[in-house]
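Q: Take this structure first; my questions come after.
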Amino acid sequence: VVVIVVVVVGGGGGVRESAQPHGWLRVEGANGTVCARGGPYIWFYRDAASDALRDNVVIEFEGGGSCWSESTCSRLSATFKDSATSTAAYFARGLTSRGVRSNATANPVRGWQHLYVTYCTADLHVGANTIEYSPYTTIRHNGAANARAALDWLIARQRGAAPRRVLVTGCSAGSYGSALWAPWIMQQWPTARVVQVGDAGVGVVTDTFLRMGFTNWRVNVPTHVVDAATARRVSMGTSVSMADIYTSNARTLAAATVG
């Protein structure tokens with residue numbers, strides 16, 4: 188097996204890219220990125236299969252649980268992935284056979300550019316806080332900076348051109364991440380037809396889940412909840428459901444090209 192490592196300066200802060208099986212790149216080393224327990228952060232990317240498909244992009248947010256307290260963030264709880272090693276292993280298991288990454292001809296986004304935003308921060312991809320939950324448990328909820336690094340890298344790779352079609356998707360925690368990052372992505376590419384589809388992120392959670400999570404993760408709410416009234420409710424700790432966020436974002440972004 189031959190692995191080629193390329194150091195790229197710009198659009199990611201001197202990141203390192205290494206070739207992976209089936210045409211994928213592993214990207215790491217972006218400034219300001221880190222996993223929950225202090226290890227490095229990575230993401231994966233595959234270029235379009237042909238020039239004809241180059242203006243189509245899939246942005247897939249990885250799933251994998253979350254935490255917001257000493258008990259849920261403990262190593263014993265094992266409710267989330269916390270390292271590049273665990274995210275890479277999870278990615279590899281579905282490299283060519285899982286969902287939108289499938290090589291099956293029935294896959295409607297087969298051959299599109301594909302950014303895979305890994306998840307190792309237990310914060311639905313939107314955290315910006317480091318918390319010492321106990322003397323033995325410190326968690327870096329750095330999901331926002333990690334996702335933003337991957338997205339900025341992808342945007343820089345387009346060299347100023349906007350894609351024509353974009354699918355923003357994810358499963359479980361990645362479903363929430365896709366919903367919460369879709370408004371920002373739409374604003375970066377206002378001429379693109381953006382479709383957000385989440386799997387297993389319907390918001391059937393306790394009343395305190397989002398409130399405690401958004402508080403402990405120190406979410407920059409206006410980035411992800413673009414409706415001012417709903418963003419204010421979230422920031423004040425008022426109970427807000429994912430249905431509220433979906434509805435308010437869709438209403439606010441009605442002028443955007445959304446499928």
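Its first residue numbered 188, the sequence shown is counted upward by one per residue in this note's numbering. C-beta: ideal position from N, C-alpha, C; glycine also.
In the DSSP assignment, find the alpha helix (DSSP H) that holds VAL408 and state where it starts and stops.
A: One-based indexing of the sequence shown puts residue 408 at position 221. Its alpha helix (DSSP H) spans residues 408-411.
Q: Which residue comes first and which comes last in the beta strand (DSSP E) that contains LEU367?
A: Along the sequence shown, read from residue 1 onward, the residue named residue 367 stands at position 180. Run containing LEU367: none in the beta strand (DSSP E); it sits in the alpha helix (DSSP H), 360-375.
Q: Return the first residue and the last residue of the alpha helix (DSSP H) that VAL202 is part of.
A: Here the question's residue 202 lines up with position 15 in the sequence shown. Taken as a continuous stretch (DSSP letters only), VAL202 belongs to no alpha helix (DSSP H), being part of the beta strand (DSSP E) at 202-206.
Q: Based on the DSSP secondary-structure assignment, which residues constitute the bridge partners of ASN436?
A: Against the sequence shown, residue 436 aligns to sequence position 249. Bridge partners of ASN436: none, in fact.
Q: Can you check whether the CB of VAL421 is closer than 8 angstroms to the CB of VAL413?
A: For this step, residue 413 is matched to residue 226 along the sequence shown. For this step, residue 421 is matched to residue 234 along the sequence shown. In this structure, VAL421 does not lie closer than 8 angstroms to VAL413 by Cβ.
Q: Kindly indicate which three-state DSSP category ASN243 falls into: helix, strand or coil?
A: Along the sequence shown, one-based indexing puts residue 243 at 56. Strand, per DSSP.
Q: Rounded to whole angstroms, what is the Cα-Cα separation between GLY250 and VAL296?
A: For the purposes of this step, residue 250 is identified with residue 63 of the sequence shown, where counting begins at 1. For the purposes of this step, residue 296 is identified with residue 109 of the sequence shown, where counting begins at 1. Looking at the two C-alpha atoms, the distance is approximately 19 angstroms.
Q: Check whether the Cβ atoms of ASP242 and PRO377 lie closer than 8 angstroms to each other.
A: In the sequence shown, counting from the first residue as 1, residue 242 sits at position 55. In the sequence shown, counting from the first residue as 1, residue 377 sits at position 190. No, the pair does not count as a contact, with Cβ atoms beyond the cut-off.
Q: Terminal residues of the continuous alpha helix (DSSP H) containing ASN403?
A: One-based indexing of the sequence shown puts residue 403 at position 216. That run of the alpha helix (DSSP H) goes 396-404.
Q: Looking only at DSSP bridge pairs, what is VAL304 linked to?
A: If you number the sequence shown from 1, residue 304 lands on position 117. DSSP lists PHE248 as partners of VAL304.
Q: For THR308, count the other beta carbons within 10 Å of its own beta carbon; 16 or more makes it buried, fewer makes it exposed. Which is it?
A: Start at 1 with the first residue of the sequence shown, and residue 308 comes out as number 121. Classification of THR308: buried, given that the 10 Å Cβ count is 16 or more.
Q: Can you give me the C-alpha to C-alpha distance between GLN300 and LEU240, rounded to a whole angstrom?
A: Taking the sequence shown and counting its residues from 1, one reaches residue 300 at position 113. Taking the sequence shown and counting its residues from 1, one reaches residue 240 at position 53. Roughly 8 angstroms between the two C-alpha positions.
Q: Run the CB neighbour count on VAL304, radius 10 Å, all protein chains shown included, and call it buried at 16 or more, exposed below.
A: Along the sequence shown, one-based indexing puts residue 304 at 117. So VAL304 ends up on the buried side.
Q: Give me the Cβ distance between ARG380 and ARG352, rounded to the nearest whole Å; I'm assuming they're in contact under 8 angstroms.
A: Taking the sequence shown and counting its residues from 1, one reaches residue 380 at position 193. Taking the sequence shown and counting its residues from 1, one reaches residue 352 at position 165. Confirmed, about 5 angstroms.
Q: What is the DSSP secondary structure of LEU212, counted as helix, strand or coil?
A: Working through the sequence shown from its first residue, we reach residue 212 at position 25. In this structure, LEU212 counts as strand in the three-state DSSP scheme.
Q: Mapping the DSSP letters down to three states, classify ASN218 as helix, strand or coil.
A: Position 31 of the sequence shown, counting from 1, holds the residue named residue 218. Looking at ASN218 - three-state DSSP - the assignment turns out to be coil, as it is neither helix nor strand.
Q: Measuring straight from C-alpha to C-alpha, what distance separates ALA236 and SER258?
A: Sequence index remark: in the sequence shown, residue 236 carries index 49 (1-based). Sequence index remark: in the sequence shown, residue 258 carries index 71 (1-based). Cα-Cα distance, rounded: 45 angstroms.
Q: Using DSSP bridges, identify the partner residues of VAL313.
A: Taking the first residue of the sequence shown as position 1, residue 313 is located at position 126. Its beta-bridge partners do not exist; DSSP assigns none.
Q: Is VAL406 near GLN383, with beta carbons less than 8 angstroms apart?
A: One-based indexing of the sequence shown puts residue 406 at position 219. One-based indexing of the sequence shown puts residue 383 at position 196. Not in contact: VAL406 and GLN383 (Cβ atoms no closer than 8 angstroms).
Q: Going by alpha carbons, who is nearest to ALA506 out of PHE231, ASN316 and ALA223?
A: Nothing about residue 506 can be reported from this structure: the residues present for the chain run from 188 to 446 only.
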